[in-house]
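Everything on this sheet refers to the single structure shown next.
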Amino acid sequence: MDELEMLRRKKLEELRKRYMGGESTESMPDKPIEISDKNFDEMVRKYR
1 MDELEMLRRK
11 KLEELRKRYM
21 GGESTESMPD
31 KPIEISDKNF
41 DEMVRKYR
């Protein structure tokens with residue numbers, strides 16, 4: 001396996017961990033939340 005392939009696999013694994021429940025910035029709400037144009041960016045940052 002060449003160096004580029006190793007880097008790709010490492011990056012892919014990092015992305016999987018982040019987006020498959022590994023590094024959430026806030027716990028998910030247990031009820032619906034109000035989202036509007038005013039707070040959309042904040043909610044995306046908070047719950048991504």
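Position 36 of the sequence shown, counting from 1, maps to 36 under this note's numbering, and the rest follow consecutively. Even glycine gets a Cβ: it sits at the ideal position worked out from N, Cα and C.
Residue 31 has its alpha-carbon roughly 20 Å from the corresponding atom of residue 37. Counting along the chain, the unbroken alpha helix (DSSP H) around residue 47 starts and ends at 40–47. It is roughly 10 Å from the alpha-carbon of residue 48 to the alpha-carbon of residue 41. In this structure, residue 35 lies away from residue 28, with their beta-carbon atoms at least 7 Å apart.
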